[in-house]
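Chemist: Residues 1007 to 1379 (my numbering) are what the sequence shown spells out, left to right. We put the beta carbon where it would ideally sit given N, CA and C, even for glycine. Since this is a predicted model, take the numbers as computed values, not measurements. Can you keep this structure in mind? I'll have questions shortly.
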Amino acid sequence: MATSREQILSALEGVIDPELGRSVVELDMVRDVSVEGPRVAVTIALTVPGCPLRASFQEQVDRAVLPLDGVDEVELFFDVMTPDEKAALTTRLRGGVAERTPGISVDASTRVLAVASGKGGVGKSSLAANLAAAFSGLGHRTGVLDADVYGYSIPHMLGIRQRPVAVGDDERKMIVPPVRGDLKVMSIGFFLDENTPVMWRGPMLHRALEQFLSDVHWGDLDTLVVDMPPGTGDVAISLGQLLPRAEALVVTTPHRASQQVAVRAAQMARKTNMRLLGVVENMSYLRREDGSQEALFGAGGGEALAAEVEAPLLGRIPFDPRLGELADAGEPIVLAEPETEVSRAIVELAEAVAATRREQGVGIVKPLPLLRT
């Protein structure tokens, strides 16, 4: 007996758009289904031509339809959505988002973790990328926002080459973020030519961050990891305004100078009424072949910072050259080499963060003082 069209559509409900995270049937992306004896042909309408994730659709459709009785062959064809279909898709995707701040598309139930540092060179971005991968590995629906506008590096560290897709018209435009596995990622780097410098002042930075939080389809995230720029500039202030429920994780190295500068990032988090979740000491030591630890960058910075800002030291991450090598290759070490000591330490950090009771900040409750010269 030939398989019916209804049976095929039911099976296709299990085919998930990798970027949108929803069923192709639910999103009305299945344009046509035809059955000719044991041969089934399926046409899926994509948001843009030349979608780099076509292989995922092919694998999922084969896995969903081929097991049906009477099906011996499945052919998958692709088409492109019309402007009206894109507008309808945008409306469907925006539906059901709980309000956080007017226009902000990140759901209020999403835990926002701002990874901050007082200065550059402490491994903040590589830690943020691997921490996000660790959350995803723990089963969290995770997104990564590269808010380090001047030093964007998250796409490179996660090996993402595809660009975001804009869906809908100018008034209802929605940006679909690229994905790495189950990770959703957004960065200013996706919109620039390689190594193009960003020369923006404060209002432009605020607008970029606002757009990443309002026009990007993040979907139903459990955790959004935000890679903050080092220091205490405009982006940190904007995040406190736009995401009042954000929590800050401050990264330092054991070196005394790094610890002293990191205090400012912790103070900045509190001045914008974020919750200071804790401190991470990165590059704490190098594990020698004989099992001993070598302090490459001094000792005690993490403990000193935690004591000074009265926050817990949530993790000490060892130095491992492989972390940087794999980041250059676009591979998070927690995924590529999960048994290494540094990978286990980052996963333990993710578990420690997940185990903390979530307490919401209140955002900036009064304007920060403006100093004039």
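1) To the nearest angstrom, report how far apart Val-1039 and Thr-1049 are at their CA atoms.
2) Quick check on the burial criterion: 16 or more other C-beta atoms within 10 angstroms. Buried or exposed for Ala-1313?
3) Between Glu-1019 and the rest of its own chain, which residues show a CB-CB distance below 6 Å, the 5 nearest in sequence each way excluded?
4) What does the alpha-carbon distance come out to for the pair Leu-1292 and Thr-1278?
5) According to DSSP, simplified to helix, strand and coil, what is Asn-1136?
6) In whole angstroms, what separates the C-alpha of Val-1232 from that of Val-1041?
7) Do Val-1348 and Leu-1329 come within 7 Å of each other at the CB atom, strictly closer than that value?
8) Please list, in chain order, all residues of the same chain as Pro-1024 whose beta carbon is under 7 Å from its beta carbon, the five residues on each side excluded.
9) When you compare each of Gly-1157, Leu-1151, Tyr-1156 to Pro-1170 by their alpha carbons, which one comes out closest?
10) So is Trp-1251 buried or exposed if we call it buried at 16+ other beta carbons inside 10 Å?
11) Among Ser-1193, Met-1180, Leu-1245, Arg-1147, which residue has its Cα nearest to the Cα of Arg-1098?
12) So if DSSP puts Thr-1229 in a beta bridge, which residue, or which two residues, is it bridged to?
13) Give the secondary structure of Asp-1090 by DSSP, where H, G and I count as helix, E and B as strand, and everything else as coil.
14) What does DSSP give as the partner residue(s) for Leu-1255 in the beta ladder?
15) Using a threshold of 7 Å, state whether the C-beta atoms of Leu-1285 and Val-1256 are closer than that.
16) May I ask you to list the residues that DSSP assigns as paired with Glu-1300?
17) For the pair the region 1145–1162 and the region 1072–1088, tell me if three or more CB-CB distances fall below 8 Å.
18) For Met-1034, which of helix, strand or coil comes out of DSSP?
19) Where does Asp-1326 sit, in a helix, a strand or coil, going by DSSP?
20) Return the CA-CA distance between Val-1269 and Asp-1240, expressed in angstroms with no decimal places.
21) What's the C-alpha gap between Gly-1195 and Met-1163?
22) Flag this pair as yes or no: are the beta carbons of Val-1112 and Val-1080 separated by less than 7 Å?
23) Note down the Cα distance separating Gly-1043 from Thr-1009, rounded to an integer number of angstroms.
24) Once DSSP output is grouped into helix, strand and coil, what is the label at Arg-1186?
25) Along the chain, where does the beta strand (DSSP E) that runs through Ile-1166 open and close?
26) At which residue ranges does the region 1035–1081 contain complete beta strand (DSSP E) runs of 3 or more residues, listed in the order of the chain?
27) Can you name, in chain order, every residue of its own chain whose Cβ lies under 7 Å from the Cβ of Ile-1166, other than the five neighbours on each side?
28) Among the residues of its own chain, which have a CB less than 7 Å from the CB of Ala-1140, if the five just before and after it don't count?
29) Let's test the definition: count the other Cβ atoms within 10 Å of the Cβ of Ser-1115 and tell me whether it reaches 16, buried, or not, exposed.
30) Apart from the five residues on each side of it in sequence, which residues of its chain come closer than 7 Å, Cβ to Cβ, to Gly-1306?
31) Would DSSP call Met-1210 helix, strand or coil?
32) Give every residue of the same chain whose Cβ lies closer than 6 Å to the Cβ of Ala-1333, excluding the five residues on either side of it in the sequence, and list them in chain order.
33) How big is the Cα-Cα spacing for Arg-1350 and Pro-1344?
34) I think Gln-1273 touches Leu-1311, with their Cβ atoms under 8 Å apart; what is that distance to the nearest whole Å?
35) Determine the DSSP secondary structure at Leu-1018, reduced to helix, strand or coil.
36) Quick one: measure Cβ to Cβ for Leu-1198 and Ser-1142, integer angstroms, because I've assumed they're closer than 8 Å.
Modeler: In brief:
1) Here residue 1039 is taken as the residue at index 33 of the sequence shown, counted from 1. Here residue 1049 is taken as the residue at index 43 of the sequence shown, counted from 1. The straight-line gap from Cα to Cα measures roughly 7 Å.
2) Here residue 1313 is taken as the residue at index 307 of the sequence shown, counted from 1. By the neighbour-count definition (other C-beta atoms within 10 Å, threshold 16), Ala-1313 is an exposed residue.
3) Residue mapping note: residue 1019 aligns to position 13 of the sequence shown, counting from 1. If you ignore the 5 residues before and after Glu-1019, its C-beta comes within less than 6 Å of the C-beta of Ser-1029, Val-1031, all in its own chain and listed in chain order.
4) By one-based count along the sequence shown, residue 1292 stands at place 286. By one-based count along the sequence shown, residue 1278 stands at place 272. Cα to Cα, the separation comes out at about 35 Å.
5) The residue given as residue 1136 occupies position 130 in the sequence shown. It is helical.
6) For this step, residue 1232 is matched to residue 226 along the sequence shown. For this step, residue 1041 is matched to residue 35 along the sequence shown. Computed Cα separation, rounded: 47 Å.
7) Counting from 1 along the sequence shown, the entry for residue 1329 is found at position 323. Counting from 1 along the sequence shown, the entry for residue 1348 is found at position 342. The answer is yes: Cβ separation under 7 Å.
8) Here residue 1024 refers to the residue found at position 18 when the sequence shown is read from its first residue. Listed in chain order, the non-local C-beta contacts of Pro-1024 below 7 Å within the same chain comprise Leu-1059, Ser-1062, Val-1185, local neighbours out to five positions each way being set aside.
9) Residue numbering aside, residue 1170 sits at position 164 when the sequence shown is read from its first letter. For Pro-1170, the nearest C-alpha among the options comes from Leu-1151.
10) Position 245 of the sequence shown, counted from the start, is the residue given in the question as residue 1251. The amino acid occupying residue 1251 in the given sequence is Arg; Trp does not appear at that position. Buried, by the Cβ-count rule.
11) On the sequence shown, position 92 is the one that residue 1098 refers to. When only C-alpha atoms are compared, the closest one is Met-1180.
12) For the purposes of this step, residue 1229 is identified with residue 223 of the sequence shown, where counting begins at 1. Note: Thr-1229 sits in a beta bridge opposite Arg-1117, Thr-1148.
13) Stepping through the sequence shown from its first residue, residue 1090 is reached at position 84. Residue state, collapsed to three classes: helix.
14) What you label residue 1255 is simply residue 249 of the sequence shown in a count that begins at 1. Answer by DSSP bridge pairing, in chain order: Val-1121, Gly-1284.
15) Against the sequence shown, residue 1285 aligns to sequence position 279. Against the sequence shown, residue 1256 aligns to sequence position 250. Position check: residue 1285 holds Val in this sequence, whereas Leu was assumed. In this structure, Val-1256 lies closer than 7 Å to Val-1285 by Cβ.
16) The residue labelled residue 1300 in the question sits at position 294 within the sequence shown. According to DSSP, which records beta bridges pairwise, Glu-1300 is partnered with Leu-1292.
17) The region 1145–1162 and the region 1072–1088 do not touch, with fewer than 3 CB-CB distances between them shorter than 8 Å.
18) Counted from its first residue, the sequence shown places residue 1034 at position 28. According to the sequence provided, residue 1034 is Asp. The question's Met does not apply to it. In this structure, Asp-1034 counts as coil in the three-state DSSP scheme.
19) For the purposes of this step, residue 1326 is identified with residue 320 of the sequence shown, where counting begins at 1. Taken through DSSP and simplified to helix, strand or coil, Asp-1326 comes out as coil.
20) To locate residue 1269, count along the sequence shown from 1; it is residue 263. To locate residue 1240, count along the sequence shown from 1; it is residue 234. Cα-Cα distance, rounded: 17 Å.
21) Here residue 1195 corresponds to residue number 189 of the sequence shown, with the count starting at 1. Here residue 1163 corresponds to residue number 157 of the sequence shown, with the count starting at 1. One C-alpha to the other measures close to 12 Å.
22) Counted from its first residue, the sequence shown places residue 1112 at position 106. Counted from its first residue, the sequence shown places residue 1080 at position 74. Not a contact, by the Cβ cut-off of 7 Å.
23) Residue numbering aside, residue 1043 sits at position 37 when the sequence shown is read from its first letter. Residue numbering aside, residue 1009 sits at position 3 when the sequence shown is read from its first letter. Cα to Cα, the separation comes out at about 8 Å.
24) On the sequence shown, residue 1186 is found 180 positions in, with the first residue counted as 1. The DSSP-derived three-state label of Arg-1186 is strand.
25) Locating residue 1166 in the sequence shown gives position 160, where the first residue counts as 1. For Ile-1166, no beta strand (DSSP E) run applies, since DSSP gives it neither H nor E.
26) As far as the region 1035–1081 is concerned, its whole beta strand (DSSP E) runs of at least 3 residues are 1036–1042, 1045–1052.
27) Here residue 1166 is taken as the residue at index 160 of the sequence shown, counted from 1. Pro-1184, Arg-1186, Val-1191, listed in sequence order.
28) For the purposes of this step, residue 1140 is taken as the residue at position 134 of the sequence shown. Within the same chain, Val-1340, Ile-1352, Val-1353, Ala-1356 come within 7 Å of Ala-1140 by CB-CB distance, once the 5 residues on both sides are set aside.
29) To locate residue 1115, count along the sequence shown from 1; it is residue 109. Exposed is the call here.
30) Working through the sequence shown from its first residue, we reach residue 1306 at position 300. The residues Pro-1260, in chain order, have a CB closer than 7 Å to that of Gly-1306 in the same chain once the five nearest residues on each side in sequence are set aside.
31) Numbered from its first residue, the sequence shown carries residue 1210 at position 204. Here Met-1210 sits in helix by DSSP.
32) Taking the first residue of the sequence shown as position 1, residue 1333 is located at position 327. Only Ser-1132, Met-1163 meet the Cβ criterion.
33) For the purposes of this step, residue 1350 is taken as residue 344 along the sequence shown, with counting starting at 1. For the purposes of this step, residue 1344 is taken as residue 338 along the sequence shown, with counting starting at 1. Approximately 7 Å between the Cα atoms of the pair.
34) Along the sequence shown, read from residue 1 onward, the residue named residue 1273 stands at position 267. Along the sequence shown, read from residue 1 onward, the residue named residue 1311 stands at position 305. A Cβ-Cβ separation of about 11 Å leaves Gln-1273 out of contact with Leu-1311 under the 8 Å criterion.
35) The count along the sequence shown starts at 1 and reaches residue 1018 at position 12. Residue state, collapsed to three classes: helix.
36) Numbered from its first residue, the sequence shown carries residue 1198 at position 192. Numbered from its first residue, the sequence shown carries residue 1142 at position 136. With 8 Å as the limit, Leu-1198 and Ser-1142 do not qualify as a contact, their Cβ atoms being about 26 Å apart.
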